[in-house]
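A.B. asks: Every letter in the first sequence is one number past the one before it in full-length UniProt numbering, and letter 254, counting from 1, is 254.
Glycine included, C-beta positions come from ideal geometry on N, C-alpha and C.
Before I ask anything, here is the structure I am working with.
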Amino acid sequence: MALHDQTRKSASQDSSKAASGDTSKAGSGDSKAASGGSGHIASRLLGWYDMHHRDLPWRIAPRDLARGIRPDPYRVWLSEVMLQQTTVEAVKSYFRTFVGKWPDVEALAAASTEDVMKAWAGLGYYSRARNLKACADLVARQGGRFPDTESGLKELPGIGAYTAAAIAAIAFDHPAAVVDGNVERVVSRLFSIATPLSEAKAEIRALVECMVPDKRPGDFAQAMMDLGATICTPRRPRCMLCPLREDCSATVSGDPEHFPVSLPKAEKPLRRGAAFVAVRADGAVLLRKRAEKGLLGGMTEVPTTGWTARIDGATTDAAAPFPGDWRPAGRIGHVFTHFALELDVFKTATDCAAPAGHFWSLAHEISGEALPTVMKKVIEAAIPGATKARRV
DNA sequence: GAGGCGTGGCG
DNA sequence: TCGCCAAGCCT
Numbered sequence: 001m002a003l004h005d006q007t008r009k010s011a012s013q014d015s016s017k018a019a020s021g022d023t024s025k026a027g028s029g030d031s032k033a034a035s036g037g038s039g040h041i042a043s044r045l046l047g048w049y050d051m052h053h054r055d056l057p058w059r060i061a062p063r064d065l066a067r068g069i070r071p072d073p074y075r076v077w078l079s080e081v082m083l084q085q086t087t088v089e090a091v092k093s094y095f096r097t098f099v100g101k102w103p104d105v106e107a108l109a110a111a112s113t114e115d116v117m118k119a120w121a122g123l124g125y126y127s128r129a130r131n132l133k134a135c136a137d138l139v140a141r142q143g144g145r146f147p148d149t150e151s152g153l154k155e156l157p158g159i160g161a162y163t164a165a166a167i168a169a170i171a172f173d174h175p176a177a178v179v180d181g182n183v184e185r186v187v188s189r190l191f192s193i194a195t196p197l198s199e200a201k202a203e204i205r206a207l208v209e210c211m212v213p214d215k216r217p218g219d220f221a222q223a224m225m226d227l228g229a230t231i232c233t234p235r236r237p238r239c240m241l242c243p244l245r246e247d248c249s250a251t252v253s254g255d256p257e258h259f260p261v262s263l264p265k266a267e268k269p270l271r272r273g274a275a276f277v278a279v280r281a282d283g284a285v286l287l288r289k290r291a292e293k294g295l296l297g298g299m300t301e302v303p304t305t306g307w308t309a310r311i312d313g314a315t316t317d318a319a320a321p322f323p324g325d326w327r328p329a330g331r332i333g334h335v336f337t338h339f340a341l342e343l344d345v346f347k348t349a350t351d352c353a354a355p356a357g358h359f360w361s362l363a364h365e366i367s368g369e370a371l372p373t374v375m376k377k378v379i380e381a382a383i384p385g386a387t388k389a390r391r392v
């Protein structure tokens with residue numbers, strides 16, 4: 001409560017600036033004060049965004065929005081899906097590749113799922129790629145236009161609460177409450193929310209709903225995220241540069257990094273297995289496709305044991321794709337979201353036909369396969385340089 | 001609703 | 001080195 005008083009105080013000190021765009025969302029008893037303070041916050045934040053916003057390949061800058069240039073919902077959607085749990089830097093090159101190959105939703109709908117998976121390889125969370133393609137198919141079939149409401153957007157595959165709100169706000173200028181990890185961190189600090197983040201989601205959402213301005217809601221959403229990404233960072237936040245430092249309870253209290261409060265996490269178990277790199281005389285490598293669902297669903301892999309297998313002679317021979325002179329070629333490690341993996345890599349030369357369910361990938365095709373990073377590590381251990389892009 | 005689902009960067 | 005975590009969604 002004392003934390004909210006901080007905002008109230010700020011609001012009353014500057015009530016004239018707080019007047020724009022806030023009243024309609026007031027709901028609870030103290031929401032009038034909160035929305036007044038939040039209008040003030042939105043105003044300061046937008047002023048900061050005008051000066052310090054990041055230029056991103058999918059973003060329309062405030063000055064261009066002011067000229068009447070509108071964002072392309074397709075590009076907003078594509079970028080938001082790519083950005084789910086993924087850093088901006090990782091997304092940039094993938095975004096450019098995708099809009100180059102598939103400049104609109106009809107083009108993406110006309111592509112094969114296989115080509116989409118190949119283009120997504122390395123970005124992670126591969127169900128996103130499958131949902132992306134399914135969503136493009138749906139939208140194209142319905143005339144090529146994305147729904148312009150949160151509820152309509154949320155019905156599409158791969159679009160949840162966050163992404164629906166982000167598209168509604170950024171592409172369609174709707175006053176949606178866009179709440180992602182950045183926003184949760186910023187709000188946790190603004191109000192020094194001591195409740196663990198996992199239990200504070202609803203409270204944070206309500207606070208954001210009070211803050212969203214009627215004018216420039218899309219810029220407001222992006223400003224909150226830019227602030228979280230560049231100023232209000234998880235560690236060592238740059239509070240001296242923050243446009244909201246005078247409004248921020250955590251800064252005043254002296255320990256912004258303490259927020260958001262999180263619960264201790266479970267340990268990651270270690271799994272082990274073996275991987276088998278068969279190399280033909282012409283450099284082709286034996287691969288297979290994983291099941292459509294589950295871990296690395298629909299992606300391509302090197303033949304492996306199960307990932308709980310003991311590594312000994314008997315297990316290895318039985319699990320190899322064919323009997324042969326399998327020689328140790330090193331060990332690779334990889335950490336997934338919920339477990340760590342160590343794979344012993346074995347290698348052999350062969351000229352046999354591909355076993356059922358397997359295929360040979362020619363040397364110059366390997367870099368274009370839908371190989372997740374863990375599988376590129378396996379192949380690199382056996383054949384250094386094999387997965388790097390080849391000059392034609 | 002809790003857990004499955006990738007990857008790379010950073011302090 | 002290693003834990004944390006980044007514009008979450010789905011079941």
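Kindly give me the distance between the Cβ atoms of H220 and A42, rounded to whole angstroms, as I take these residues to be in contact under 8 Å.
C.D. replies: Within the first sequence, the letter at position 220 stands for residue 220. Within the first sequence, the letter at position 42 stands for residue 42. The identity of residue 220 in the sequence shown is Phe, whereas the question assumes His. Their Cβ separation, rounded to whole angstroms, is 6 Å, which keeps F220 and A42 in contact under 8 Å.
A.B. asks: Using a 10 Å radius around the Cβ and a threshold of 16 neighbouring Cβ atoms, would you call G143 buried or exposed?
C.D. replies: Working through the first sequence from its first residue, we reach residue 143 at position 143. With fewer than 16 other Cβ atoms within 10 Å, it is exposed.
A.B. asks: At what residue ranges does the segment 47-83 contain a whole run of the alpha helix (DSSP H), taking only runs of 4 or more?
C.D. replies: The segment 47-83 contains these whole alpha helix (DSSP H) runs: 62-66, 73-82.
A.B. asks: Check D30 in the structure and name its three-state DSSP category.
C.D. replies: Taking the first residue of the first sequence as position 1, residue 30 is located at position 30. Note that D30 scores a pLDDT of 35, beneath 50, so its modelled location is shaky; the value from the coordinates is reported in the next line. D30: coil per DSSP, three-state reduction.
A.B. asks: Pair every Cβ in the segment 200-207 with every Cβ in the segment 103-115, then say whether three or more of these pairs are closer than 8 Å.
C.D. replies: no
A.B. asks: Note the first and the last residue of the continuous alpha helix (DSSP H) segment covering W120.
C.D. replies: As a position in the first sequence, residue 120 is number 120, starting the count at 1. Start and end: 113-120.
A.B. asks: Just to confirm, is the Cβ distance from I167 to F146 under 9 Å?
C.D. replies: The count along the first sequence starts at 1 and reaches residue 167 at position 167. The count along the first sequence starts at 1 and reaches residue 146 at position 146. Contact flag set, yes.
A.B. asks: With DSSP run on the structure shown, which of helix, strand or coil describes L132?
C.D. replies: By 1-based counting over the first sequence, the position of residue 132 is 132. Residue state, collapsed to three classes: helix.
A.B. asks: If you drop the 5 nearest sequence neighbours on each side, which residues of the same chain put their C-beta closer than 7 Å to that of T305?
C.D. replies: Here residue 305 corresponds to residue number 305 of the first sequence, with the count starting at 1. Answer for T305: G273, A274, T315, A319, listed in chain order.
A.B. asks: Could you pull the DSSP bridge partners for R288 from this structure?
C.D. replies: In the first sequence, the residue the question calls residue 288 occupies position 288. According to DSSP, R288 bridges with E301, H358.
A.B. asks: I think D224 touches V285, with their Cβ atoms under 8 Å apart; what is that distance to the nearest whole Å?
C.D. replies: The residue labelled residue 224 in the question sits at position 224 within the first sequence. The residue labelled residue 285 in the question sits at position 285 within the first sequence. Reading the sequence as shown, one finds Met at residue 224 and not Asp. Between V285 and M224 the Cβ distance is about 46 Å, and since that is not below 8 Å, they are no contact.
A.B. asks: Only counting the same chain, and skipping five residues up and downstream in sequence, which positions put a Cβ closer than 7 Å to that of N182?
C.D. replies: If you number the first sequence from 1, residue 182 lands on position 182. Taken in chain order, the residues that qualify are M224, M225, G228, A229.
A.B. asks: Whose CA, out of E246, E292, A266, R331, lies closest to the CA of F339?
C.D. replies: Locating residue 339 in the first sequence gives position 339, where the first residue counts as 1. When each option's Cα is compared against that of F339, the closest is A266.
A.B. asks: Considering just the uninterrupted stretch of the alpha helix (DSSP H) at T387, what are its terminal residues?
C.D. replies: If you number the first sequence from 1, residue 387 lands on position 387. Per DSSP, T387 belongs to no alpha helix (DSSP H) and is neither H nor E.
A.B. asks: In terms of residue numbering, what span does the alpha helix (DSSP H) encompassing residue 404 cover?
C.D. replies: Since the first residue of the chain shown is 1 and the last is 392, residue 404 is not available in this structure.
A.B. asks: Tell me which residues share the same chain as T163 and place their Cβ nearer than 6 Å to its Cβ, disregarding the 5 neighbours each side in the sequence.
C.D. replies: Stepping through the first sequence from its first residue, residue 163 is reached at position 163. Listed in chain order, the non-local C-beta contacts of T163 below 6 Å within the same chain comprise E80, local neighbours out to five positions each way being set aside.
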